[in-house]
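**Student:** Here it is: the structure, laid out below.
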DNA sequence: CATGAATGAGCTTTCATTCAT
DNA sequence: TATGAATGAAAGCTCATTCAT
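In C-alpha cells:
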C-alpha cells in the first residue's frame with residue numbers, strides 16, 4: 008500500500024493553469040500542452056486527474072462556482088433583516104468579483120459561451136438558492152418589488168460582472184464610494 | 008456604388024455562417040472549413056474577403072456592433088426630454104436583444120472572452136456616445152444620479168444581456184409587462 | 008472549373024504504401040505518418056482520400072480482393088468441363104499467390120486478424136461465387152465429392168496460402184513440378 | 008519446485024488476458040493497461056514477469072504452441088502403423104482447433120502477421136518433428152506420396168485452420184460426419 | 001514482489017492557410 | 001474571382017514503460 012499517491016497539488020496546479028490560460032488566451036489558445044507546461048507536469052498526467060479537456064473545464068467551472076458561492080454567503084444567515092441580508096450578500100459578491108478577478112472573469116466566460124456542458128451549468132445554478140429565498144422573504148414583507156427572480160438578479164448581481172470587466176480592462180478603478188453608489192443603484196432598482 | 012453586388016452576397020453569407028457557428032458551437036468548433044461549407048463557398052474563398060480568421064471575426068464584430076447601434080438610436084434625437092430619450096433608447100436596445108438573439112448573443116460572447124482584438128474592441132465602444140451624451144444632459148438637469156457612465160451602463164443596459172441569456176436558454180419568456188417592469192427597474196436605479 | 012483535381016495517383020500511392028508497411032511491419036507499426044511519408048504526401052492528405060485509417064484499410068482490402076478475383080477467374084467460362092475449369096481457376100489463384108506475394112500476404116493477414124470491418128469482410132466474400140457454382144456443377148455430375156463448399160475450399164484453395172507463406176519466408180522455392188503435385192493433391196482431396 | 012506458486016497465478020492470468028484481448032480486439036487494441044486490468048494486476052507488475060510487450064507475446068506464442076503439440080501427439084507412438092498414426096494425430100489436432108478456438112485463433116494470427124520474433128517462430132516450428140518423422144516413414148513404405156513436407160502439411164493440417172475460422176465466425180457448425188469427411192479429404196490428398 | 005502515479009514519445013486526426021488552375 | 005486539393009503544424013489523447021514507495 009506504500010505507493011505514490013495521486014496528489015492534490017497537481018490537480019490544483021492543473022486547474023490553476025487552465026484558469027489562467029483560458030482567461031488570458033481564451034479557450035482556443037489553451038491547449039492541453041500549454042496547460043501541462045504551466046502546471047509543470049507531462050501532458051499525459053492531465054488524463055490521470057481528468058477524463059478529457061471538457062471534463063477538466065467542467066470541473067474547473069464547478070469548483071470556481073462553489074468557491075464563489077462560499078464567498079457570496081459568508082456570514083449570511085436567515086435571521087438578518089432582508090435589506091441587511093441583501094447588503095451583506097451583495098458586498099460579498101462584489102468583493103469576489105473585484106478581488107478574485109481571475110475566477111470571476113472565468114465564470115463570466117463560461118456563462119456567455121457554449122463551452123460548458125448543459126449538465127454542469129445546471130449543477131452550477133443550484134448555488135444561488137439562499138439569495139432566491141431572501142428575495143422571496145423580501146417580497147412577502149413587501150420590501151422588494153414582486154418581480155421574477157431573473158429580473159432581480161439581472162439588476163442587482165449581474166451588473167457586478169460588468170464592473171469586473173471594466174476593472175480588468177483598466178478602464179477605471181472602483182473605490183469605496185463608487186461601490187457604495189453601485190449598491191445604492193442595485194437596491195433602488197428592486198426596492199418597493 | 009453597386010459594384011461587385013454578387014460578391015457582397017458571399018461576404019454576407021460568410022459573416023452569417025460565422026455568426027451562426029460561433030453561437031451554436033462556440034469558437035473552438037467553428038473551423039474555417041465549416042464556415043465555408045455553411046456559406047456554400049470554398050475555404051479558399053474566405054481569404055478573398057478576409058485576411059484571416061481573426062480578421063473575419065473582428066469584422067463580424069464591428070458590423071454587428073454597428074447594426075446594434077443603428078437599432079439602438081433609431082428615432083432618437085437630441086430634442087427629446089431626457090427620460091423620453093432614455094426610454095426610447097432602452098426599449099430599442101431591449102428590442103434588439105430580444106429579437107436579434109443571434110447577434111446579441113454573439114456580442115456578449117465577444118465582450119466576455121479574449122477573442123476580439125483590443126483595437127476592434129475600442130472601435131466598437133465608440134458607438135455608444137449618443138447615450139453617454141444623453142446621460143450627461145440628464146445629470147446637468149439633475150434628473151439622473153451623478154454616477155460614472157460605467158455604472159449607469161452596468162445598471163440599465165448591461166442587465167438586458169442577462170435577459171437575452173435566459174430567453175435564449177428558454178428559462179422564461181419575456182412578455183410586455185415584464186419588459187415594462189424591467190425598464191422601471193433600470194430607471195429606478197439611476198434616476199435621482 | 009479549372010481546379011486541381013483529386014488525382015488517382017496519390018490514392019494509389021497511399022494504398023501501395025499501406026500494403027507495403029502492413030506486410031513488413033504489421034498493423035501496429037504502420038502509422039499514418041509513415042504511410043504518408045512512403046507515399047510522398049502530407050499526413051493530412053490521406054484524409055482527402057480516405058475517411059480515416061480504418062477506411063483506408065477496408066478500401067485496400069476490397070481493392071486487393073477484387074484484383075484477386077479478377078485474376079482468379081481470368082479466361083474462365085461456364086462451358087469448360089468441371090475439371091478443366093477447376094484446374095484453370097486453381098492455377099490462376101496459385102499464380103496470384105506466388106507472384107503477387109505482397110497482395111496475397113495482406114489478404115491472409117486480413118483474414119486471420121480482426122482488423123477488417125465485418126461489413127467489408129462480407130463484401131469481400133461475394134467474389135468467390137463462380138467457383139462455388141463450378142463445384143456445384145461438379146457435384147451434380149458426380150465428379151466432385153458431395154461436401155460442404157467450406158471443406159472443398161479448405162482443401163483446395165486455402166492450402167495455397169500456406170505455400171505463399173513458406174515462399175515468402177524463403178523456406179523453399181516452388182518450381183513447376185511442385186506446383187503440379189500440389190494441384191494433384193488438391194484434386195485428389197475432392198474428386199470422387 | 009513449487010516455489011512462487013502464487014506468482015505463477017499472475018503470470019498465467021497475464022498470458023490468458025493477452026490471449027483474450029489479442030483475439031477479440033487484435034494487436035492494436037490490446038494495450039498493456041487493458042491486459043493488466045483484465046488480469047487484475049497493476050501495469051507495472053507485467054514487467055516483473057515479462058521483459059516487455061514483445062517478450063510477453065513471444066512467450067505466449069511459445070506456450071500455446073507447446074500446448075498445441077502436447078495435444079497433437081497425445082497417445083501417439085512410433086509403433087503405430089502410418090495411417091493409424093496419422094489419423095490419431097490429425098484428429099488430435101482437429102480436436103485442438105475446434106475445441107480450443109481461442110488458442111488456435113491466436114496461433115493463426117501469429118503465423119500470418121509479423122508480430123512474432125523470427126527467433127520465436129523458428130523455436131515454434133520444432134514441435135512438429137514427430138509428424139515429419141511419421142510422414143517420412145510413410146513415404147519409405149510407399150503409402151504416402153513423395154512430396155515435400157511443406158506440401159503434405161499444406162493439404163492435411165493447414166486446412167484445419169480454415170475450419171477453425173469458419174466455426175469461430177459461425178458460418179457453420181462441424182459435426183462428426185463433416186469431420187470424418189474432412190479427414191478423408193486430407194488423407195486422399197497425400198496417400199499414394 | 002507489487003503497486004498506482006507519472007511520463008516522453010508517438011498516435012490519429014483537424015486546422016488555418018496556400019497552391020495551382 | 002473562385003476553387004478543391006494540398007499541406008505543415010499542432011491539437012487531443014494513448015501507449016509502453018519507469019518511478020517511488
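Residue numbers (our numbering), protein chains in the order written: chain V, 8 to 199; chain G, 8 to 199; chain E, 8 to 199; chain R, 8 to 199.
Cβ atoms here follow ideal geometry from the backbone N, Cα and C, with glycine treated the same way.
#1: Would residue 39 (chain V) and residue 60 (chain V) be called neighbours here (beta carbons separated by less than 8 Å)?
#2: Measure the C-alpha to C-alpha separation of residue 73 (chain G) and residue 25 (chain G) and round it to an integer number of angstroms.
#3: List the residues that DSSP assigns as beta-bridge partners of residue 197 (chain G).
#4: Going along the chain, which unbroken runs of the alpha helix (DSSP H) with 4 or more residues stay wholly within the segment 83 to 122 of chain G?
#5: By Cβ distance, which residues of its chain are closer than 7 Å to residue 9 (chain V), with the 5 residues on each side in sequence left out?
#6: Identify each residue in the segment 20 to 33 of chain V for which the Cβ-Cβ distance to at least one residue of chain G is less than 8 Å, and report them in chain order.
#7: Spell out a yes or no on whether the segment 147 to 157 of chain E and the segment 118 to 128 of chain R are touching, meaning 3 or more CB-CB pairs, one atom from each, closer than 8 Å.
#8: Report back the beta-carbon spacing between residue 99 (chain R) and residue 81 (chain R) to the nearest angstrom; my notes put them in contact at under 8 Å.
#9: Does the segment 16 to 23 of chain E touch the segment 161 to 179 of chain G, meaning 3 or more C-beta pairs lie closer than 8 Å?
#10: At the 8 Å Cβ level, is residue 14 (chain E) part of the contact set with chain R, yes or no?
#11: Is the shortest distance between the beta-carbon of residue 116 (chain R) and the beta-carbons of chain E less than 8 Å?
#12: Quick check on this structure: which residue in V:70, V:108, V:109 has the alpha carbon closest to the alpha carbon of residue 127 (chain V)?
#13: Hey, out of V:158, V:185, V:182, V:45, whose CA is closest to residue 173 (chain G)'s CA?
#14: Determine, using beta carbons only, whether residue 120 (chain E) comes closer than 8 Å to chain R.
#15: Could you check if residue 199 (chain G) is buried or exposed, using at least 16 other CB atoms within 10 Å of its CB as the buried criterion?
#16: What are the start and end residues of the alpha helix (DSSP H) that includes residue 156 (chain E)?
#17: Give a yes or no on whether the minimum CB-CB distance between residue 197 (chain R) and chain E is below 8 Å.
#18: Quick test of your reading: residue 156 (chain V) and residue 141 (chain V), contact by CB under 8 Å. State the CB separation rounded to the nearest angstrom.
#19: Give me the Cα-Cα distance between residue 180 (chain G) and residue 110 (chain V), rounded to the nearest whole angstrom.
#20: Kindly list the residues whose CB is nearer than 7 Å to the CB of residue 113 (chain V), restricted to its own chain and excluding five residues on each side of it in sequence; keep chain order.
#21: Indicate whether at least one CB of chain E lies closer than 8 Å to the CB of residue 188 (chain R).
#22: For the alpha helix (DSSP H) containing residue 55 (chain E), name the first residue and the last one.
#23: Name the chain R residues that come within less than 8 Å of residue 68 (chain E), Cβ to Cβ?
#24: Which residue wins for smallest C-alpha separation from residue 236 (chain G), given the options G:148, G:116, G:197, G:77?
#25: Roughly how many whole angstroms lie between the Cα atoms of residue 194 (chain R) and residue 95 (chain R)?
#26: Please check the pair residue 162 (chain G) and residue 162 (chain V), which I expect to be a contact at CB under 8 Å, by giving their CB distance rounded to whole angstroms.
#27: Looking only at its own chain, which residues have a Cβ that is under 7 Å from the Cβ of residue 130 (chain G), when we skip the five neighbours before and after it?
#28: If you follow the alpha helix (DSSP H) that residue 47 (chain E) is part of, which residue opens it and which one closes it?
#29: Starting from residue 170 (chain E), find everything on chain R with Cβ-Cβ shorter than 7 Å and list it in chain order.
#30: For residue 155 (chain G), would you say it is in contact with chain V, using Cβ-to-Cβ distances shorter than 8 Å as the test?
#31: On a Cα-Cα basis, can you pick out the residue from V:63, V:89, V:44, V:102 that is closest to residue 146 (chain V)?
#32: Taking 8 Å as the threshold (beta carbon to beta carbon), is residue 151 (chain R) in contact with chain E?
#33: Specify, as a first and last residue, the run of the alpha helix (DSSP H) that residue 37 (chain V) falls within.
#34: My assumption, with CB atoms under 8 Å, is that residue 63 (chain E) sits in contact with residue 53 (chain E). Please give the rounded CB distance.
#35: Quick one: does residue 54 (chain V) have its CB under 8 Å from some CB of chain G?
#36: Could you name the residues of chain R that residue 166 (chain E) contacts, counting a contact when the two beta carbons are closer than 7 Å?
**Tutor:** In brief:
#1: Yes, Cβ-Cβ distance for residue 39 (chain V) and residue 60 (chain V) is below 8 Å.
#2: Roughly 17 Å between the two C-alpha positions.
#3: Residue pairing for residue 197 (chain G): DSSP places it in no beta bridge.
#4: DSSP runs (the alpha helix (DSSP H)) wholly in the segment 83 to 122 of chain G: 89 to 106, 108 to 119.
#5: With a pLDDT of 49 at residue 9 (chain V), under the threshold of 50, the modelled position of this residue cannot be trusted; read the value that follows with caution. No residues qualify anywhere along the chain.
#6: Answer set for the segment 20 to 33 of chain V: 30, 31, 32, 33.
#7: With the cut-off at 8 Å, the segment 147 to 157 of chain E and the segment 118 to 128 of chain R do not touch.
#8: About 6 Å; that satisfies the 8 Å criterion.
#9: These segments do not touch.
#10: By this cut-off, residue 14 (chain E) is not an interface position.
#11: Taking Cβ atoms only, chain E reaches closer than 8 Å to residue 116 (chain R), which makes this a yes.
#12: Per the Cα distances, V:70.
#13: Relative to residue 173 (chain G), the option among V:158, V:185, V:182, V:45 whose CA is nearest is V:158.
#14: Cβ-Cβ to chain R under 8 Å: yes for residue 120 (chain E).
#15: So residue 199 (chain G) counts as exposed.
#16: The continuous alpha helix (DSSP H) containing residue 156 (chain E) extends over residues 156 to 163.
#17: Yes, contact with chain E.
#18: Their Cβ separation, rounded to whole angstroms, is 10 Å, which puts residue 156 (chain V) and residue 141 (chain V) out of contact at 8 Å.
#19: Pairing residue 180 (chain G) with residue 110 (chain V), the inter-Cα distance amounts to about 30 Å.
#20: Contacts found: 26, 29, 30, 71.
#21: Residue contact with chain E for residue 188 (chain R): present (Cβ-Cβ distance below 8 Å to some residue of chain E).
#22: Counting along the chain, the alpha helix (DSSP H) containing residue 55 (chain E) begins and ends at 50 to 56.
#23: Ordered by position in chain R, no residue passes the 8 Å Cβ test against residue 68 (chain E), which lies about 14 Å from the chain.
#24: Lying outside 8 to 199, the shown extent of chain G, residue 236 (chain G) is not represented and no answer is given.
#25: Distance between the alpha carbons of residue 194 (chain R) and residue 95 (chain R): 12 Å.
#26: 7 Å between Cβ atoms; contact.
#27: Same-chain partners within the cutoff: 69.
#28: Following the DSSP letters along the chain, one finds residue 47 (chain E) in no alpha helix (DSSP H), marked with neither H nor E.
#29: 161, listed in chain order.
#30: Under the 8 Å criterion on CB atoms, residue 155 (chain G) is classed as interfacial with respect to chain V.
#31: The candidate whose alpha carbon is nearest that of residue 146 (chain V) is V:89.
#32: It does not; no Cβ of chain E falls within 8 Å.
#33: Secondary structure note for residue 37 (chain V): it is in no alpha helix (DSSP H), with a DSSP letter that is neither H nor E.
#34: Contact between residue 63 (chain E) and residue 53 (chain E) holds: CB atoms are separated by about 7 Å, below the 8 Å threshold.
#35: It does not; no Cβ of chain G falls within 8 Å.
#36: Residues of chain R passing the Cβ test: 161, 162, 165, 166.
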